[in-house]
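Undergrad: Take a look at this one; I'll ask things after.
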Amino acid sequence: MKIIRFRTSKREEIIDITGNIDNLIKDNKWLSGIILVYSPHTTAGITVNENADPSVKEDLSNFLKKLVPQNHCFSHAEANSDSHIKGTLCGFSQSFIIEDSKLQLGTWQGIYFLEFDGPRSREIWVKFTPG
Amino acid sequence: MKIIRFRTSKREEIIDITGNIDNLIKDNKWLSGIILVYSPHTTAGITVNENADPSVKEDLSNFLKKLVPQNHCFSHAEANSDSHIKGTLCGFSQSFIIEDSKLQLGTWQGIYFLEFDGPRSREIWVKFTPG
Amino acid sequence: MKIIRFRTSKREEIIDITGNIDNLIKDNKWLSGIILVYSPHTTAGITVNENADPSVKEDLSNFLKKLVPQNHCFSHAEANSDSHIKGTLCGFSQSFIIEDSKLQLGTWQGIYFLEFDGPRSREIWVKFTPG
Chain A
15 MKIIRFRTSK
25 REEIIDITGN
35 IDNLIKDNKW
45 LSGIILVYSP
55 HTTAGITVNE
65 NADPSVKEDL
75 SNFLKKLVPQ
85 NHCFSHAEAN
95 SDSHIKGTLC
105 GFSQSFIIED
115 SKLQLGTWQG
125 IYFLEFDGPR
135 SREIWVKFTP
145 G
Chain B
15 MKIIRFRTSK
25 REEIIDITGN
35 IDNLIKDNKW
45 LSGIILVYSP
55 HTTAGITVNE
65 NADPSVKEDL
75 SNFLKKLVPQ
85 NHCFSHAEAN
95 SDSHIKGTLC
105 GFSQSFIIED
115 SKLQLGTWQG
125 IYFLEFDGPR
135 SREIWVKFTP
145 G
Chain C
15 MKIIRFRTSK
25 REEIIDITGN
35 IDNLIKDNKW
45 LSGIILVYSP
55 HTTAGITVNE
65 NADPSVKEDL
75 SNFLKKLVPQ
85 NHCFSHAEAN
95 SDSHIKGTLC
105 GFSQSFIIED
115 SKLQLGTWQG
125 IYFLEFDGPR
135 SREIWVKFTP
145 G
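Residue numbers (the working numbering), protein chains in the order written: chain A, 15 to 145; chain B, 15 to 145; chain C, 15 to 145.
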């Protein structure tokens with residue numbers, strides 16, 4: 015498994031990691047199969063979304079804040095129950111296809127790390143299985 | 015990777031693709047492993063749900079429309095921010111088990127393509143890894 | 015594919031299955047690859063979340079009940095449309111990395127079965143692909 019390390023800069027942040035994943039595929043000469051892009055955190059997620067208009071990220075971020083408000087009446091004492099719930103709703107990992115040594119994404123797709131409780135040091139774990 | 019092509023007919027539509035996936039498995043003689051059923055779009059999703067009572071699809075569709083209204087105050091200019099968000103919440107792909115050359119689904123499970131911004135020409139990409 | 019069988023005891027319940035998955039990996043001597051942890055049901059889900067403070071589970075459970083109320087105006091006659099929708103939102107499966115014969119989880123991560131329409135007899139299917 016390969017590890018990507020980075021630091022987020024805000025409580026809620028959506029970070030394009032498509033280039034990092036692309037580089038891993040090239041560096042490791044993965045030819046054909048499936049990769050799992052996995053977040054080892056409980057207050058962050060991984061998703062796919064549009065890579066063209068930045069307002070899509072903004073709309074997603076604002077919608078999630080409204081859907082799961084930080085100040086909702088929660089029991090958990092760390093004031094980040096909203097972050098755990100957003101992780102479960104958006105997903106902690108995504109799988110992608112590699113074909114002819116290339117990450118197969120739709121025309122408008124990018125891969126995003128969803129920070130729900132930053133700023134923090136974060137990791138993404140990536141595992142390849144051939145097929 | 016194998017591609018399934020089809021056309022959706024409405025803005026919001028839930029399409030049973032279980033038969034298409036079954037046929038791919040038979041045609042390609044995949045014996046045992048995992049398949050990734052992947053949507054290369056940013057305004058559609060893939061999910062699993064009940065294949066018996068059609069009202070389950072209707073309830074899911076109506077609930078998602080109410081949860082993420084199209085006319086919510088969004089920035090993105092194409093009037094489909096709701097579709098992007100529904101994609102993130104429901105997921106852009108699902109993985110399934112193949113055993114003894116057969117797709118392993120629970121008794122009541124079917125695989126569904128979720129159209130959130132149709133009608134459009136759509137694709138589903140399917141990749142097999144043996145195990 | 016390997017099967018884990020158990021019985022849930024309430025309508026809504028969040029059950030830690032990390033130990034069961036760990037045991038499967040040891041028993042089957044899976045060394046390195048990806049495992050798919052799959053629920054063959056339509057009114058349950060699989061997620062990852064914090065394994066330390068039990069109030070995180072409680073907050074998730076209460077939030078989902080409020081987000082998708084059982085008594086919402088649904089068509090499906092079995093009074094469990096909310097359970098189907100929660101399944102789609104949280105996901106019916108999760109994939110995990112195995113490295114050096116060990117399940118790779120973040121420090122605070124546990125794997126959870128989400129019962130949305132119990133009490134019932136339930137199964138989890140687990141499939142390994144090497145990589």
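From the three backbone atoms N, C-alpha and C, an ideal C-beta is built for every residue, glycine too.
Every value quoted in this text rests on a predicted model; they were computed, and no experiment measured them.
Per DSSP, which one or two residues make a beta bridge with E129 (chain B)?
TA: Its beta-bridge partners are B:E27, B:A58.
Undergrad: Kindly list, in the order they appear in chain A, the residues whose Cβ is closer than 9 Å to that of I17 (chain B).
TA: Under the 9 Å cutoff, chain A gives no residues; its nearest Cβ is about 10 Å from I17 (chain B).
Undergrad: Let me confirm a value: N42 (chain C) is counted as buried when at least 16 other C-beta atoms fall within 10 Å, else exposed. Which label applies?
TA: exposed
Undergrad: Nearest to V70 (chain A) by alpha carbon, out of B:L78, B:Q84, B:A91, B:T143?
TA: B:A91
Undergrad: Would you grab the beta carbon distance between L74 (chain A) and I28 (chain A) for me? Rounded to a whole angstrom, and I think it's under 8 Å.
TA: 7 Å
Undergrad: For I111 (chain C), count neighbouring C-beta atoms within 10 Å of its own C-beta (all shown protein chains included) and say buried if the count is 16 or more, exposed if not.
TA: buried
Undergrad: Could you spell out the range, first to last residue, of the beta strand (DSSP E) harbouring V70 (chain A)?
TA: That residue, V70 (chain A), is in no beta strand (DSSP E); its alpha helix (DSSP H) goes 69–81.
Undergrad: In angstroms with no decimal places, state the Cα-to-Cα distance between E26 (chain B) and N37 (chain C).
TA: 43 Å
Undergrad: List, in chain order, every chain A residue whose beta-carbon is nearer than 7 Å to that of F5 (chain B).
TA: The structure shown has nothing for residue 5 (chain B), since chain B only spans 15 to 145.
Undergrad: Taking only beta-carbon positions, decide if S109 (chain C) is within less than 8 Å of chain B.
TA: Closer than 8 Å: yes.
Undergrad: Output, in chain order, the set of chain A residues within a Cβ distance shorter than 7 Å of Q84 (chain C).
TA: Here the premise fails: no neighbours, minimum Cβ distance about 19 Å.
Undergrad: With 16 other CB atoms within 10 Å as the buried threshold, where does I125 (chain A) fall?
TA: Counting of Cβ neighbours within 10 angstroms places I125 (chain A) among the buried residues, the total reaching 16 or more.
Undergrad: Is there at least one Cβ from chain A nearer than 8 Å to W139 (chain C)'s Cβ?
TA: No, no contact with chain A.
Undergrad: Does N85 (chain C) pass the burial test, meaning 16 or more other C-beta atoms within 10 Å, or should it be called exposed?
TA: exposed
Undergrad: Rounded to whole angstroms, what is the Cα-Cα separation between P54 (chain B) and D96 (chain A)?
TA: 29 Å
Undergrad: Nearest-angstrom Cα distance between F106 (chain A) and P133 (chain C)?
TA: 27 Å
Undergrad: Thinking C-alpha only, which one of A:K100, A:D67, A:F127 is nearest F88 (chain B)?
TA: Ranking A:K100, A:D67, A:F127 by Cα distance to F88 (chain B) puts A:D67 first.
Undergrad: Looking at the C-beta of F77 (chain B), does it have a partner C-beta in chain A at a distance below 8 Å?
TA: no
Undergrad: Among all the DSSP beta bridges, which residues are the ones paired with F20 (chain B)?
TA: Looking at the DSSP assignment, F20 (chain B) forms a beta bridge with B:R136.
Undergrad: Could you tell me which of A:Q123, A:L45, A:R21, A:F20 sits nearest to G101 (chain B), measuring between CA atoms?
TA: A:Q123
Undergrad: Could you run through the region 39–53 of chain C and flag, in chain order, every residue whose CB is less than 8 Å away from some CB of chain B?
TA: G47, I48, L50, Y52, S53
Undergrad: Output yes or no for whether 8 Å exceeds the beta carbon distance between F142 (chain B) and I31 (chain B).
TA: Cβ atoms of F142 (chain B) and I31 (chain B): not closer than 8 Å.
Undergrad: For L78 (chain B), which residues in the same chain have their Cβ closer than 7 Å to its Cβ, ignoring the five residues on either side in sequence?
TA: K100
Undergrad: So, S46 (chain B) versus P144 (chain B), is the Cβ gap smaller than 8 Å?
TA: Yes, the Cβ-Cβ distance between S46 (chain B) and P144 (chain B) is below 8 Å.
Undergrad: What residue range does the alpha helix (DSSP H) around L103 (chain B) cover?
TA: It spans 95–104 - the alpha helix (DSSP H) in which L103 (chain B) sits, taken as one unbroken run.
Undergrad: Taking only three categories from DSSP, how would you classify G33 (chain B)?
TA: helix
Undergrad: For chain B, check one thing: does any of its Cβ atoms lie closer than 8 Å to the Cβ of G105 (chain C)?
TA: yes
Undergrad: Apart from the five residues on each side of it in sequence, which residues of its chain come closer than 8 Å, Cβ to Cβ, to M15 (chain C)?
TA: Only residues of its own chain outside the window of five on either side were considered, and among them W139, V140, K141 have a CB closer than 8 Å to the CB of M15 (chain C), listed in chain order.
Undergrad: Should D67 (chain A) be flagged as near chain B, meaning a C-beta pair shorter than 8 Å?
TA: yes
Undergrad: 8 Å is my cut-off, CB to CB: does L117 (chain B) come that close to chain C?
TA: no
Undergrad: Out of A:L117, A:L103, A:I18, which one is the CA nearest neighbour of A58 (chain A)?
TA: A:L103
Undergrad: Can you check whether the C-beta of T143 (chain B) is within less than 8 Å of a C-beta belonging to chain C?
TA: yes
Undergrad: Using a Cβ-Cβ cut-off of 7 Å (strictly less than) and excluding sequence neighbours within five positions of H98 (chain B), which residues of its own chain qualify?
TA: Taking H98 (chain B) as the centre and dropping the five residues before and after it, the same chain places the C-beta of T56, T57 closer than 7 Å to its C-beta, in chain order.
Undergrad: Taking S107 (chain A) as part of the beta strand (DSSP E), name the residues at either end of that continuous run.
TA: 107–113
Undergrad: Do you know how far the Cα of V51 (chain A) is from the Cα of K116 (chain A)?
TA: 15 Å
Undergrad: Could you name the residues that DSSP lists as bridge partners for T143 (chain B)?
TA: DSSP output for T143 (chain B) lists B:I48 as bridge partner(s).
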